[in-house]
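Residue numbers (the numbering used here), protein chains in the order written: chain A, 1149 to 1584; chain B, 1149 to 1584. Beta carbons are placed, not taken as given, at the ideal position from N, Cα and C, and that holds for glycine. All of these numbers come straight from a predicted model, not from anything done at the bench. So the structure is just underneath, and the comments pick up after that.
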């Protein structure tokens, strides 16, 4: 196999065999193929696509590039949730403790921020001391102890995906259903889970801008998961505006603690209840979705979910004091308020632009090596359909470095479209469920 | 500028500004952008294309990444020729001495074999002692002394192109008119020439398989050159069969010496006279193309062109004895004759396959690091339209290593299509001239 031949074949819309894909992934993981060849191949995949057999072969090649965990020795079902990512998308931090508090096991291997979207690991690391880099033994121990552990991809888990994911982030090769499917499913299938709930985002702040693309990806994910013997459903949910009221690592942790405390923004709370309910249903903890929602709400109201979050934070070395006093989290030095230039209604939001503004402020990475500033981020004051007065705040930028403000401000200022008439419809939270 | 944004914009068929392209090329040349980002961008360019303003900006950015030579202190016009490459395409070695003998200056910076096509530098290096790696000072001295010097790209000339060219070769990003144009023109415009004649090959042995693609590339090259204030024409010439009777470095040098001696294959001689005539015309040495052809023929007949070649070889450290006795060139130990399996006429030739056969024999490189065997190559006995008897030789493979014969033989044996009827037309030598 010559890598350049496989690149050329994909560039010319050709199909690769299972063996060729296995060799490509194995060689890249072992360092036998340089990054510059892989990134050219990835760009060809983004622009030419992959067939279903190619996607299946890629997913399995990436899955088997490392260890596949087995938690069958633990009682109760192992379930997980995965989101395709968006702006202010922080549900994992709420759902994982709810579902663990409800008696299921949640072995959650998460990712970092990718492009304009945030990542669970980056959010968790804004809790002082929180260690997302547990070795697998420790991951198993925390999971057995409290029913949930949240870590990053270890060297053992789908190392091919780890390497490819980092490369995609900096080479404009994120937005490919084939690559997204292989990346998600290779990691998730390595977790030793029985069931998986997928939150496939669509809209101006999602990787899939339109609902049909999102539905296609969702079907691809569900099909791939079911082929591997897992229970899988996918919810197509809205990302035409940020989820909740914040985007920024420490700010989002604080917001999740609010939701776990029974408060917080309605949209975030609703989506968390819905996703947790599906996890309970697929994990056979409840018989109906409504029962799952009620159980989730009860676990919040009783404080058990919040208590579970505190337990997880403690077991993973984090400052549990944060759970009672989110003021202990890092806070940006400066704020800039973006106000509305005219009166009217929020007609639409360029949500990805808001995500990029967060990256520009230092809350995400422009290059793999970049260090994240946990304190910075955006606070959102208006949602689609809201009335707004001239001069009224639309959002606030919380920042530490003046040099970063200009670009972020310009992104945020141009992200809101304001019209004189109230929009006839606002985006629903959930569009449809696939695979149920 | 974030490299990933420029990659994404091109991926999504967007246009980059002149400043963005300048920054991208400058940063890549300086090492500020890694290979893996550049290769993803290059693949996006291959699949999405570039606009004319983008191509102009890319060419100029690559040109100004290094020194731009200035030979205005030398009397008479500076002209050059560039071919897009093919099999047996050896005209530079004939034309450069003709045009220099005719009084113009030919500062020729050439390339090495790429893919299945040969390269002027590899051919020249089959002359014992010939040094193609002259420093610029020495290049200037040889040019001033004898009116011509033939060297490879130095570190000073278009370093951005040098780096990008090497990357393209191994990432499947060679076949892009935009990138080909920027690569050729940035190097050629750095030579300090007044005029350039382009030989754009089309056919089964060229990078541009069909004439429309070749014409589009030719127009792009001509437009780009003219915009930079140069006189430029492009000849679209045939590469559906090898040029001349040999493909192989030492064998091609011997064939060029034949042409310079007034003999040699008709097609090679004709094309050389035509290209040299255009150089004389653009260089204002003659008033008409016919006058240019006559001058070229006279310079061969008088022996002055051959004498000029000897002078160049001597000044660049080569064995001048080769000019009188090509038998001093390396010669392969073994030969294998490919014969026709049936009687009929040569209907078509898979010319690229013959080029690859030459690479397989060791005459070209499969990897950048490969060493070339100057002695090996192919000798062609039949051209399209020729009658052939069963068992009559089609071509001969000259080789040194038995292990290389099997694959090369199979490539050569399947390269000829023989039909019972004589083909109605044979490819012309020259299809059209663009920019005249």
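Between the beta-carbon of residue 1583 of chain B and that of residue 1254 of chain B there is about 20 Å, and that puts the pair past the 8 Å contact cut. When the beta-carbon positions are compared, residue 1306 of chain B and residue 1211 of chain B come within less than 8 Å of each other. Cβ neighbours of residue 1164 of chain A within its own chain (closer than 7 Å, five residues either side excluded): 1154, 1157, 1158, 1202. The criterion of a C-beta distance shorter than 8 Å is not satisfied by residue 1348 of chain B and residue 1298 of chain B. Under DSSP, the beta-bridge partners assigned to residue 1379 of chain A are A:1343.
Under the Cβ criterion (8 Å, minimum of three pairs), the stretch 1242-1256 of chain B does not count as touching the stretch 1176-1186 of chain B. Residue 1276 of chain A is positioned such that its CB atom lies no closer than 8 Å to that of residue 1511 of chain A. At least 8 Å separates the CB of residue 1470 of chain A from every CB of chain B. Listed along chain A, the residues sitting closer than 9 Å to residue 1184 of chain B by beta-carbon distance are 1182, 1183, 1184, 1185, 1186, 1187, 1188, 1315, 1318, 1319. Among the CB atoms of chain B, none fall inside 8 Å of the CB of residue 1235 of chain A. Proximity of residue 1308 of chain A to chain B, defined by a Cβ-Cβ separation below 8 Å, is not satisfied. The alpha carbon of residue 1373 of chain B has as its nearest neighbour, out of B:1400, B:1393, B:1344, B:1301, the alpha carbon of B:1344. Within chain A, no residue has its beta carbon less than 8 Å from that of residue 1173 of chain B; the closest one is some 16 Å off. DSSP lists A:1350 as the bridge partner or partners of residue 1356 of chain A. Contact with chain A is found for residue 1155 of chain B, since one of that chain's Cβ atoms lies less than 8 Å from the residue's Cβ.
Unbroken beta strand (DSSP E) stretches of 3 residues or longer found wholly inside the stretch 1198-1267 of chain A: 1227-1231, 1254-1258, given in chain order.
In terms of beta-carbon proximity, residue 1382 of chain B stays away from the interface with chain A, with every pair separated by 8 Å or more. Annotation: Cβ neighbours of residue 1195 of chain B in chain A (cutoff 8 Å, chain order): 1159, 1191, 1192, 1195, 1196. For residue 1407 of chain B, the enclosing alpha helix (DSSP H) has its first and last residue at 1397-1408. Under the DSSP assignment, residue 1418 of chain A falls in the alpha helix (DSSP H) whose first and last residues are 1414-1430. Under the three-state reduction of DSSP output, residue 1569 of chain B falls in the coil class, being neither helix nor strand. When C-beta atoms of the stretch 1226-1242 of chain B are compared with those of the stretch 1416-1429 of chain B, three or more pairs fall below 8 Å, so the two segments count as touching.
Of the other Cβ atoms in all chains shown, fewer than 16 fall within 10 Å of the Cβ of residue 1149 of chain A; this residue is therefore exposed. Per the coordinates, the alpha-carbon of residue 1303 of chain A lies some 29 Å from the alpha-carbon of residue 1315 of chain B.
Within the stretch 1478-1503 of chain A, no run of alpha helix (DSSP H) at least 4 residues long lies entirely inside it. Just so you know, the alpha carbons of residue 1207 of chain A and residue 1377 of chain A end up roughly 14 Å apart.
Taking a beta-carbon distance threshold of 8 Å, residue 1152 of chain B counts as an interface residue toward chain A. Per the DSSP secondary-structure output, residue 1385 of chain A pairs in a beta bridge with A:1349, A:1578. Only 1514 from the stretch 1485-1518 of chain A bring a Cβ to less than 8 Å from some Cβ of chain B.
Only exposed fits residue 1438 of chain B, as fewer than 16 other CB atoms lie within 10 angstroms of its CB. At a Cβ-Cβ threshold of 8 Å, residue 1526 of chain B and residue 1502 of chain B count as neighbours. Annotation for residue 1332 of chain A: the continuous alpha helix (DSSP H) segment containing it runs 1325-1337. Just so you know, the alpha carbons of residue 1232 of chain A and residue 1205 of chain A end up roughly 21 Å apart.
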